[in-house]
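K.L.:
Numbering (UniProt numbering), first residue to last: 1 to 163.
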Amino acid sequence: MDLRAAGEFARTPAQRRDEHLSWLRPDRAFFASGACHVLTWACRRASPELDVEINAMVRPGDPQVFHVFASVDEWAFDHCGWHRIAELEHVNAVFEGCAVESVRIASTFEVFCREHRHRPLSAFWSDPTARANRYVERLPGPGHRTESCHPGTDGRGVRSEGA
Numbered sequence: 001m002d003l004r005a006a007g008e009f010a011r012t013p014a015q016r017r018d019e020h021l022s023w024l025r026p027d028r029a030f031f032a033s034g035a036c037h038v039l040t041w042a043c044r045r046a047s048p049e050l051d052v053e054i055n056a057m058v059r060p061g062d063p064q065v066f067h068v069f070a071s072v073d074e075w076a077f078d079h080c081g082w083h084r085i086a087e088l089e090h091v092n093a094v095f096e097g098c099a100v101e102s103v104r105i106a107s108t109f110e111v112f113c114r115e116h117r118h119r120p121l122s123a124f125w126s127d128p129t130a131r132a133n134r135y136v137e138r139l140p141g142p143g144h145r146t147e148s149c150h151p152g153t154d155g156r157g158v159r160s161e162g163a
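(1) Using CA coordinates, which residue listed in TRP82, TRP75, PRO60 and ARG28 is at the minimum distance from ALA10?
(2) According to DSSP, simplified to helix, strand and coil, what is ASP2?
(3) Assuming the contact rule is C-beta atoms closer than 8 angstroms, VAL58 and GLU101 should be a hit. Round their C-beta distance to whole Å, please.
(4) Could you tell me the distance, in whole angstroms, from the CA atom of ARG134 to the CA atom of ARG45?
(5) Would you kindly work out how many angstroms separate the C-alpha atoms of ALA130 and SER47, rounded to a whole number?
(6) Which residues bound the alpha helix (DSSP H) around TRP75?
(7) CA-CA distance, THR108 and GLY97?
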């Protein structure tokens with residue numbers, strides 16, 4: 001899947017006011033803007049055998065995070081699937097028109113939502129967990145053609161050669 005900045009999929013004012021309109025967007029747009037944090041934690045749950053970290057992008061000096069993604073080693077997972085972290089940061093910096101930094105998030109989903117003003121599951125039109133789980137499972141791991149959210153595996157969670 002081609003790598004595109006999260007901001008390209010920003011919710012419209014109408015979608016911000018109406019959760020059902022936001023819900024009706026295609027999965028990629030939904031998980032790029034407004035539910036990236038839900039997708040990120042779904043990726044972590046799908047890969048318990050890996051050390052999946054939660055990260056967020058911020059503009060230097062701005063305490064508010066604007067995009068959340070999962071990572072394993074140098075790989076980042078978000079609405080575009082798996083790409084190198086440096087590439088993800090680059091496309092978002094170009095779109096935002098400024099440098100971006102990635103910070104590690106060590107809290108739980110619930111604490112993250114509260115501390116970073118992101119919607120908890122109950123604030124969505126419907127619980128997005130199952131939708132996020134399906135999206136994670138259909139995206140191939142980095143450098144592989146298999147259907148997997150597991151970087152460096154053969155799609156069944158088995159480490160691939162060279163991974």
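Even for Gly, the Cβ is constructed at its ideal location relative to N, Cα and C.
P.N.:
On the basis of the supplied data:
(1) ARG28
(2) coil
(3) 5 angstroms
(4) 12 angstroms
(5) 16 angstroms
(6) That residue, TRP75, is in no alpha helix (DSSP H); its beta strand (DSSP E) goes 75-78.
(7) 30 angstroms
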